[in-house]
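Residue numbers (the UniProt record's numbering): 1 to 87. One structure is given here, and the rest of the page talks about it.
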C-alpha cells in the first residue's frame, strides 16, 4: 500500500518555534482583522445613528399630528340648525 519512504515527516510539536515568515504573516492577518473590526464598529455606529434619527423623526411627526388634531376646534362650536316648522 504505502511505501515507508512516503510516510509523513515527523513533526516535533515540542518545538514552539515559528519562523520569521509565519510570524510576519500572522502579524499581517492580525492587523487586517483589527482594521475589519474597526470598520464594522464604525458601520454599526452609523447604522444605529441612522435608525435613531429615523425613529425620532417618525415619533416627532406622529406627536405633531396628534397635537395639531387636538387643537382643531372648528367642530366644537358647531350648532345644530334650528328646525323649521312647516305647519
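Glycine is no exception: its CB is placed at the ideal position from the N, C-alpha and C atoms. Everything numeric in this text was worked out from a predicted model, so none of it was measured.
Where residue i falls: helix, strand or coil (DSSP)
{"i": "residue 18", "result": "coil"}
{"i": "residue 86", "result": "coil"}
{"i": "residue 7", "result": "coil"}
{"i": "residue 79", "result": "coil"}
Completely contained beta strand (DSSP E) runs for the region 35-62, where each covers 3 or more residues
none
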